[in-house]
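Taking numbering that gives the first Met the number 0, the leading residue of the sequence shown gets 0, the next gets one more, and so forth.
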Amino acid sequence: MAKFVVTVRFPDSFDEEFIALIPEHRHLINELIEANVVEAYAISANRTRGWITMNGSSEEAVRTTVEQFPLYRFFLQVEIDELFVFDSTASRFPRISLN
């Protein structure tokens, strides 16, 4: 299965409808993390961009998943890039402690 990074752009301000969907959106993201579809989820400090590292069989499969996000209709831009290398501390063996 390939890895992809999804970059999304959010509006500069959020209305009540957007804010009301955040709990449902986070619930789905948490389910996708548990299912190993989403590996990492990050939002910039100014809340205008987000990055989601995802596993999928193709770019189309990843796009289909992203289109199911409750906040999808508010995304101003979605970019999906297949990764050649993805390395992180989470993908390594835990450090051994002799204590």
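From the three backbone atoms N, C-alpha and C, an ideal C-beta is built for every residue, glycine too.
Would you call the CB atoms of residue i and residue j closer than 8 Å?
i, j, result
"V7", "Q76", "yes"
"I28", "Y40", "yes"
"R62", "F9", "no"
"I79", "E58", "yes"
Whose CA, out of the options, lies closest to the CA of residue i?
i, options, result
"F34", "G55, R48 and D14", "Note that residue 34 is Ala in the sequence shown here, rather than Phe. With distances taken between Cα atoms, A34 lies closest to G55."
Just how far apart, CA to CA, sit residue i and residue j?
i, j, result
"A60", "F83", "17 Å"
"F17", "L70", "7 Å"
"S12", "F73", "11 Å"
"H24", "E81", "23 Å"
"E30", "D14", "25 Å"
"A89", "W50", "17 Å"
"V37", "R48", "17 Å"
What does DSSP give as the partner residue(s) for residue i in the beta ladder?
i, result
"V37", "M53"
"V77", "V7"
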